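Using our numbering, the first residue of the sequence shown is number 36, and each one after it goes up by one.
Glycine included, every Cβ here is placed at the ideal spot set by N, Cα and C.
Please read these numbers as outputs of a predicted model, since none were measured by experiment.
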Amino acid sequence: MKIDLATRSQINNFISTHENLFRRAAGGVWTFFGVFIISRDFGFSTLLSSPVITIILTAAGVFVPFSGIALMLVIYTVLQILNLSQSVGVVLLLMYLFFYAFTYSYKAKNMNLLPGITVLYRISIPYCAPMVAGLFGDYHEVTSIIGGSAIAYYMKSVHDAVPTLSESGNATGGLDILSSMIGNSGFYFFMAAMVIMFLMVTTIRNIRSPHSWIFAVILGVLSEALIMAGGEIFFGQGPGAASLFFGNVVAAVVGFLSAAFLQNLDYTRVERVQFEDDEYYYYVTAVPKIHISKEDKEIKRITPDMADDKNDEKEVKA
36 MKIDLATRSQ INNFISTHEN LFRRAAGGVW TFFGVFIISR DFGFSTLLSS PVITIILTAA
96 GVFVPFSGIA LMLVIYTVLQ ILNLSQSVGV VLLLMYLFFY AFTYSYKAKN MNLLPGITVL
156 YRISIPYCAP MVAGLFGDYH EVTSIIGGSA IAYYMKSVHD AVPTLSESGN ATGGLDILSS
216 MIGNSGFYFF MAAMVIMFLM VTTIRNIRSP HSWIFAVILG VLSEALIMAG GEIFFGQGPG
276 AASLFFGNVV AAVVGFLSAA FLQNLDYTRV ERVQFEDDEY YYYVTAVPKI HISKEDKEIK
336 RITPDMADDK NDEKEVKA
């Protein structure tokens, strides 16, 4: 899958010219989407689920970085769950704190995956997370995939337990839900599928081949689908055939579009590389092409008359 150089150049120039606008728009859209999904499936607070709060948070998402959006979604989700059950909300908060420390210690950059995978899981496309993280991140992001996937499955368990938790006098708490999740084989199939898909995509994408991204997308989707299908067939644990098919189709489409339009066009990162030989240490900073100003090249045609004039000038000076 190749896009001609002219199209790539146009995309490059358009994104670079409107980069700040794209970032703000993406932040606002992602914030609105996240708040909407959480309030739809976990809207236990009438105040937090009101359109006014959604508008305020969306407006804030336009102006804050994605790390700030991740923090907003975490706080919003925890407050919603606390309105359902304090113990369930406290366990969720502790999970967020633990996995934040876990991902931070391994220098993962995409903290947005911690609340983001929950949002994607609620619409049956969690596999987009390891796909995108594998194509544009590095191996450190596996910690974010692990943390986000574990939290997403906990939230699934909470959603399934809502009828029980809503009963008056029910003693079911956050630790009970957590224990039930850990004892569920479907949890381990889901975790394995997400992690292996990420590792497969990341590893193959880094191979020096013009088609490495395409192979990464195909093999990543196949590896994840086989694991999830195995859990569904042999243990009866899975999202169902229709949901699994839909999620994988969306993940594949996202991957192929990224390979077609964004491969070699992710110019927002500055890479720093260190290596050494027998005598020296080398510290190399790779500046993305988008930040390098193009030289103005002037082409001047020399006609025979101009050449004669220059020769006459040289004779006069002599």
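Selection from the options that minimises the alpha carbon distance to residue i
i: F224; options: F98, E267, V87 and F68; result: E267
i: P245; options: V284, A295 and M226; result: A295
i: M229; options: T52, I104, P161 and D76; result: P161
i: K142; options: Q121, D173, L213 and S85; result: D173
i: V288; options: V167, V109 and F101; result: V167
i: L155; options: F269, G275, V319 and W65; result: W65
i: V197; options: S214, F77, F49 and F57; result: F77
i: Y188; options: Q272, I88 and S258; result: Q272
i: C163; options: F281, P86 and L261; result: F281
i: S140; options: G103, V99, G182 and T112; result: G182
i: R240; options: D211, S293, G275 and L279; result: S293
i: I231; options: T199, S215, H175 and P165; result: P165
i: A260; options: L128, M226, I249 and W248; result: M226
i: I158; options: Y135, M190 and E176; result: M190
i: N147; options: S258, G265, P86 and S184; result: S184
i: L129; options: I186, Y111, I88 and I90; result: I186
i: E176; options: L210, T153 and K144; result: K144
i: S258; options: I242, V236 and G103; result: V236
i: V252; options: N283, M263, A277 and R243; result: N283
i: F171; options: W248, A60 and T52; result: W248
i: A60; options: R75, V97 and I88; result: V97
i: V113; options: F137, S74 and G103; result: S74
Residue i and residue j closer than 9 Å at C-beta
i: A95; j: G151; result: no
i: L117; j: G124; result: yes
i: F101; j: G169; result: no
i: K149; j: S179; result: In the sequence under discussion, the amino acid at residue 149 is Leu, which differs from the Lys named in the question. In contact: L149 and S179 (Cβ atoms closer than 9 Å).
i: F67; j: L92; result: yes
i: V256; j: A286; result: yes
i: S80; j: G208; result: no
i: G62; j: V99; result: yes
i: I72; j: V126; result: no
i: Q115; j: S84; result: yes
i: G221; j: F269; result: no
i: S120; j: L200; result: yes
i: L254; j: A264; result: no
i: L82; j: I88; result: yes
i: I262; j: F250; result: no
Beta carbon proximity, residue i to chain D, threshold 9 Å
i: V125; result: The structure shown contains no chain D; it holds only a single protein chain.
Ordered list of alpha helix (DSSP H) runs contained in the segment 176-216, each at least 4 residues: Inside the segment 176-216, DSSP marks whole alpha helix (DSSP H) runs of 4 or more residues at positions 177-195 and 197-200, from first to last along the chain.
Whole runs of the alpha helix (DSSP H) within the segment 232-280, excluding any shorter than 4 residues: Counting whole runs of 4 or more residues, the segment 232-280 contains the alpha helix (DSSP H) stretches 247-270.
Alpha helix (DSSP H) runs wholly inside the segment 98-175, at least 4 long, in chain order: Runs found: 101-117, 121-140, 148-157 and 163-171.
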